[in-house]
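Asker: Take a look at this one; I'll ask things after.
Number of protein chains: 4
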Amino acid sequence: MDQFHHELPMKVRDYECDLQGIVNNANYQHYLEHARHEFLLSRGISFARLHSEGIDAVVSAITMRFKLPLKSGDEFVVRTRYVHDKFKYIFHQDIYRRSDMRLAVRAQVDTVCVVNGQLSEVDIL
Amino acid sequence: MDQFHHELPMKVRDYECDLQGIVNNANYQHYLEHARHEFLLSRGISFARLHSEGIDAVVSAITMRFKLPLKSGDEFVVRTRYVHDKFKYIFHQDIYRRSDMRLAVRAQVDTVCVVNGQLSEVDIL
Amino acid sequence: MDQFHHELPMKVRDYECDLQGIVNNANYQHYLEHARHEFLLSRGISFARLHSEGIDAVVSAITMRFKLPLKSGDEFVVRTRYVHDKFKYIFHQDIYRRSDMRLAVRAQVDTVCVVNGQLSEVDIL
Amino acid sequence: MDQFHHELPMKVRDYECDLQGIVNNANYQHYLEHARHEFLLSRGISFARLHSEGIDAVVSAITMRFKLPLKSGDEFVVRTRYVHDKFKYIFHQDIYRRSDMRLAVRAQVDTVCVVNGQLSEVDIL
């Protein structure tokens, strides 16, 4: 990812690893979600407050390619950039292992906004 | 546990195991919570609906003794009984491994009710 | 999904719901993984035993489309079918809400086998 | 906690909150475990490497008192101290909310070491 809007450093926690001794795949979704929410916060937008105001940012689709597994103790960074069309924010998110900056996960996350139950045209970023 | 109010059969899911190849301890808290909520449902009480009505059942303390570890594929049962005093429900919950009915986890979970932010005397069961 | 190899009935657990009151997306990955592992077990194949024998079934890519959110108490079924080519098992998995059998999540999960650290041509199903 | 051996700053991630809008209790066990493992790492001890060497540090009992709930965006610190007797490490761990340094969770975690399946007298710290 050449250009990105946000970068979050993180570290694997042991409870995120499964019996194969590597991070369980579902946790990458957690990492990506946390990175998006931290990105929003850096722009002054709280996911929790949006919800309490009746605006729910919702993931409509996600694609992840797993390139190499992270392990106990690995540090990594999540890089996030986005494009926006009328009804959708498309986030491109890459996870790089810190030790060698090799790509661990490449993801695309499509999100829409639901306002009081209705799909809505919004511009929150 | 000689007498109990509710019994829930469950099975270990592989993603609940950690790099030691056994169920990560935090998941036992999930099992216990799920068993309490299923018990409530069996009495016609929905945890989610309580919340939407402004009543939050909240755990104030938990004690767990881990006797033997559950592993991939293990089936188990959660047995739940409770005692009630003015402000508190005390749940006694045991987890038994199905294959030999040996005790895996013994727990006590104290819960209180918070109504619109205030600790309240309630009688939901 | 017209034809499928395996169907697993499940139910939302409250701890799987997040502050929006709906199942957190990462948990759908857990459901899908659990359904694949139960499918393997139904064919006599244990994911944990494979690992202990040096064979790791690993997800290389996943695509999920989220159609409608599951909520506290919802029952659902996960339907799984697969196709196999030389190096890859491709799983098609759909999650249907039980109450009306509407599609909640449609997923494709590509898995490869790594034997002693090397990508391998295998035929486990 | 007047004196402690280790302090870890952390922050709530939104996916750790449940439908009540507060951190799900099981996640406090995750926080405590992660803090213990980071403490061990600060002493040069890797939980994962211990496991690969046949030494499993295992929690035998845990007691947690929940004083106030953490919410989306809350920062907190986990303070850890321990005492050691022949067969057991007893960890005392407190979680404080950063904004006002009020106590959120007070915990005691008893751990034992299992070496090749046998409870063992060990001295790893």
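Listed in order, the protein sequences are those of chains X, D, F and P. So in the working numbering, spot 8 of the first sequence is number 8, and the numbers just go up one at a time. So in the working numbering, spot 124 of the second sequence is number 124, and the numbers just go up one at a time. So in the working numbering, spot 112 of the third sequence is number 112, and the numbers just go up one at a time. So in the working numbering, spot 1 of the fourth sequence is number 1, and the numbers just go up one at a time. Ideal placement from N, C-alpha and C gives every residue a C-beta, glycine not left out.
1. Assign residue 40/P to one of three DSSP states: helix, strand, or coil.
2. Just how far apart, CA to CA, sit residue 45/D and residue 12/F?
3. Since residue 85/D sits in a beta bridge, which residues does DSSP pair it with?
4. Could you spell out the range, first to last residue, of the beta strand (DSSP E) harbouring residue 106/F?
5. In the structure shown, what three-state DSSP assignment does residue 5/F receive?
6. Taking Cβ-Cβ distances shorter than 8 angstroms, what residues in chain F pair up with residue 72/X?
7. Determine the contact status of residue 95/F and residue 28/F, defining contact as a CB-CB distance below 8 angstroms.
8. Could you give the DSSP three-state label for residue 52/D: helix, strand or coil?
9. Below 7 angstroms CB to CB, which residues in the same chain sit around residue 90/F once its five sequence neighbours on both sides are set aside?
10. Kindly indicate the opening and closing residues of the beta strand (DSSP E) around residue 120/F.
11. According to DSSP, is residue 14/P part of a helix, a strand, or is it coil?
12. What is the DSSP secondary structure of residue 20/D, counted as helix, strand or coil?
13. Around the C-beta of residue 101/F, are 16 or more other C-beta atoms found within 10 angstroms, so that it is buried, or is it exposed?
14. Could you tell me which chain P residues have their CB closer than 9 angstroms to the CB of residue 91/X, listed as they occur along the chain?
15. Output yes or no for whether 8 angstroms exceeds the beta carbon distance between residue 106/D and residue 67/D.
16. On the DSSP bridge list, what partners appear for residue 95/D?
17. Measure the C-alpha to C-alpha separation of residue 55/X and residue 115/X and round it to an integer number of angstroms.
18. Among residues of its own chain, excluding the 5 on either side of residue 4/X, which ones have a beta-carbon nearer than 7 angstroms to its beta-carbon?
19. By how many angstroms is the C-alpha of residue 70/P removed from the C-alpha of residue 99/P?
20. I believe residue 125/P touches residue 87/P by the beta-carbon criterion, under 8 angstroms. Please report the beta-carbon distance rounded to the nearest angstrom.
21. For residue 18/X versus residue 74/D, is the C-beta distance shorter than 8 angstroms?
22. If contacts are defined as beta-carbon pairs under 8 angstroms, then residue 58/X and residue 112/X qualify, I think. What distance do you get, rounded to the angstrom?
23. Could you tell me the alpha carbon to alpha carbon distance between residue 53/F and residue 43/X, rounded to whole angstroms?
24. Residues of chain F with a CB under 8 angstroms from the CB of residue 4/D: which are they?
Answerer: For this structure:
1. helix
2. 16 angstroms
3. 88/D
4. 103–115
5. coil
6. Near residue 72/X there are no residues of chain F at all, since even the closest Cβ is about 16 angstroms away, more than 8 angstroms.
7. yes
8. helix
9. 82, 83, 108 and 110
10. 118–120
11. helix
12. coil
13. exposed
14. By Cβ distance, chain P contributes nothing, its closest Cβ being about 15 angstroms from residue 91/X, past 9 angstroms.
15. yes
16. 78/D and 105/D
17. 5 angstroms
18. 79, 80 and 81
19. 11 angstroms
20. About 14 angstroms separates the two Cβ atoms, so there is no contact after all.
21. no
22. 6 angstroms
23. 49 angstroms
24. Within 8 angstroms Cβ-Cβ: nothing; residue 4/D doesn't reach chain F, min ~20 angstroms.
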